[in-house]
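Enquirer: I'd like to ask some things about the structure below.
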Amino acid sequence: MLSKLSVIAGKSSEDVAKRLSKKIKANLIKTEIRVFADGESKITLNGEISKKKSIVVQSIYPPVDTNLIQALSLISKAKEISSEVIAVIPYMGYARQDREFLPGEIITMKVLGKLFKGAGASKIIAVDIHSMIGFKHFTIKTKNVSAIPELVQYFKKLSLKNPLVVSPDQGGKERAKEFAKELGSEYIALEKKRDRKTGKVQIKTKNLDEVANRDLILVDDMISTGGSIVKATQFLKKQKCKKVYVACTHALLMNNAEKRIRKAGVTKIISTNTIPGKTSIVDISDTIAKAI
Ligand code: R5P
1 MLSKLSVIAG KSSEDVAKRL SKKIKANLIK TEIRVFADGE SKITLNGEIS KKKSIVVQSI
61 YPPVDTNLIQ ALSLISKAKE ISSEVIAVIP YMGYARQDRE FLPGEIITMK VLGKLFKGAG
121 ASKIIAVDIH SMIGFKHFTI KTKNVSAIPE LVQYFKKLSL KNPLVVSPDQ GGKERAKEFA
181 KELGSEYIAL EKKRDRKTGK VQIKTKNLDE VANRDLILVD DMISTGGSIV KATQFLKKQK
241 CKKVYVACTH ALLMNNAEKR IRKAGVTKII STNTIPGKTS IVDISDTIAK AI
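At position 48 of the sequence shown the residue is numbered 48 (the UniProt record's numbering), and the sequence of numbers has no breaks.
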């Protein structure tokens, strides 16, 4: 029997979509993609879409624009049949482009807001969006869910002795605070400066007494080039800390970032399956299911 709910699995989020469909007892619709030599995506759906409600699951990680157009196409097709379409975007690409940092910069999140609405989504759910400012540009309903409780569950199992939670920058202070609260530990936030033109990162914090001889958990929403984590780890190692673990929701790990992070002295990187990969050990489908 056709369920009242369909989960449409975009290619970038097949694992999350499959787990989610089981949890919410929805009909799973798989997609077949052919990317033509010129980069265009040809999408075919395998299954019957519910007339009532569809949930399209598709993260927007690299190739970012390809995954974005595929998400919009799936939403548009779903809206032809379902009266309600929810877009689950576990990793919300473009979320860092939420304000005009330098004169003339385009706020791409504004464009995405129009695109998702135009395609037919009535609600969008993301996991640990870079900042809630991004969703202020959307006129459809939005919801951000936190992966921190699931990440903390993993770290509880490691039974680290008196670990200190560290945010590599002041922007991530609240995230570190939330993580530390769940874990029952202390937290600090470093002072980071990024050159808006070159993207280069510097740690401005001077000496720190509280990290010496302690295991640390560096918490961030995402790792892209790895620059923030590498610089933070190098600094923390100079302060004579013990092991450095990294907990992040979205591990993009561009351009050999994993290798550079390990070389800087990180023991282990733990991320979620918003972006599938070697480090994505923590499953967030349960958190998404609860939000739906
Ligand atoms: C910045 O504000 C974010 O929270 C991340 O710290 C940043 O996007 C990570 O980028 P990267 O790995 O390139 O330093």
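Glycine included, each C-beta is placed from N, C-alpha and C at the ideal position.
This structure is a prediction, so every number in the text was calculated from the model and none was measured.
Can G265 be considered in contact with the ligand PLP, in the sense that its beta carbon sits closer than 6 Å to one or more heavy atoms?
Expert: By its list of ligands, the structure shown excludes the ligand PLP, since it contains just the ligand R5P.
Enquirer: Could you give the C-beta distance for V7 and L28, rounded to a whole number, given that I count them as a contact under 8 Å?
Expert: Within the sequence shown, residue 7 is the residue found at index 7, counting from 1. Within the sequence shown, residue 28 is the residue found at index 28, counting from 1. About 5 Å separates the two Cβ atoms, so the contact holds.
Enquirer: If I measure Cβ to Cβ from I129 and keep anything under 6 Å in the same chain, skipping five residues before and after, which residues do I get?
Expert: By 1-based counting over the sequence shown, the position of residue 129 is 129. If we look at I129 and ignore the five residues flanking it on each side, its Cβ neighbours are M92, A95, N144.
Enquirer: Within the same chain, show all residues whose beta-carbon is closer than 8 Å to that of S83, passing over the 5 residues directly before and after it, in chain order.
Expert: Residue 83 sits at position 83 when you count from the first residue of the sequence shown. Around S83: K51, K52, K53.
Enquirer: So the candidates are R196, A232, L68; which of them puts its Cα closest to the Cα of K206?
Expert: Translated into positions along the sequence shown, residue 206 becomes position 206. K206 has its Cα closest to that of A232, out of R196, A232, L68.
Enquirer: So for T31, helix, strand or coil by DSSP?
Expert: Your numbering for residue 31 matches position 31 in the sequence shown. T31 falls in the strand class under three-state DSSP.
Enquirer: Going straight from the alpha carbon of A121 to that of L218, what length do you get?
Expert: In the sequence shown, the residue the question calls residue 121 occupies position 121. In the sequence shown, the residue the question calls residue 218 occupies position 218. Their Cα atoms are separated by approximately 35 Å.
Enquirer: Restricting to Cα atoms, I'd like to know which of G227, N273, A71 is closest to K42.
Expert: Sequence index remark: in the sequence shown, residue 42 carries index 42 (1-based). Comparing Cα positions, the closest option is A71.
Enquirer: Does the ligand R5P have a heavy atom nearer than 6 Å to the CB of S224?
Expert: The residue labelled residue 224 in the question sits at position 224 within the sequence shown. Flag set: Cβ of S224 near the ligand R5P.
Enquirer: Pull up the distance between the alpha-carbon of K237 and that of K268, whole angstroms please.
Expert: Start at 1 with the first residue of the sequence shown, and residue 237 comes out as number 237. Start at 1 with the first residue of the sequence shown, and residue 268 comes out as number 268. Approximately 15 Å between the Cα atoms of the pair.
Enquirer: Is the closest heavy atom of the ligand R5P to the C-beta of D128 under 6 Å?
Expert: Here residue 128 corresponds to residue number 128 of the sequence shown, with the count starting at 1. Result no, Cβ not under 6 Å from the ligand R5P.
Enquirer: Tell me where the beta strand (DSSP E) around V211 begins and ends.
Expert: In the sequence shown, residue 211 corresponds to position 211, counting from 1. Counting along the chain, V211 falls outside any beta strand (DSSP E), and DSSP gives it neither H nor E.
Enquirer: Can you tell which of K25, L160, G10, Y245 has the C-alpha that lies nearest to the C-alpha of A87?
Expert: On the sequence shown, residue 87 is found 87 positions in, with the first residue counted as 1. Checked all of K25, L160, G10, Y245; the closest Cα to A87 is G10.
Enquirer: Note down the Cα distance separating K259 from A126, rounded to an integer number of angstroms.
Expert: The residue given as residue 259 occupies position 259 in the sequence shown. The residue given as residue 126 occupies position 126 in the sequence shown. Those two C-alpha atoms are separated by around 28 Å.
Enquirer: What number of angstroms, rounded off, separates the C-alpha of K77 from the C-alpha of I49?
Expert: Numbered from 1 along the sequence shown, position 77 holds the residue referred to as residue 77. Numbered from 1 along the sequence shown, position 49 holds the residue referred to as residue 49. The straight-line gap from Cα to Cα measures roughly 9 Å.
Enquirer: Just to check, is the beta-carbon of G227 closer than 6 Å to a non-hydrogen atom of the ligand R5P?
Expert: In the sequence shown, the residue the question calls residue 227 occupies position 227. It does: the Cβ of G227 is within 6 Å (strictly closer) of some heavy atom of the ligand R5P.
Enquirer: Using the beta-carbon count (16 or more within 10 Å), is K200 buried or exposed?
Expert: Here residue 200 refers to the residue found at position 200 of the sequence shown. With fewer than 16 Cβ atoms within 10 Å of its Cβ, K200 is classed as exposed.
Enquirer: Let's see if you can read the secondary structure: which residues bound the alpha helix (DSSP H) around I275?
Expert: What you label residue 275 is simply residue 275 of the sequence shown in a count that begins at 1. First-last for I275: undefined, no H or E at that position.
Enquirer: Examine the ligand R5P and report whether any of its heavy atoms sits within less than 6 Å of the Cβ of D98.
Expert: The count along the sequence shown starts at 1 and reaches residue 98 at position 98. No, the beta carbon of D98 sits no closer than 6 Å to any heavy atom of the ligand R5P.
Enquirer: DSSP three-state call for K193: helix, strand or coil?
Expert: Position 193 of the sequence shown, counted from the start, is the residue given in the question as residue 193. Three-state DSSP puts K193 in a strand.
Enquirer: Which one or two residues does DSSP pair with V201 in a beta bridge?
Expert: As a first step, residue 201 must be located in the sequence shown, where it is residue number 201. According to DSSP, which records beta bridges pairwise, V201 is partnered with R194.
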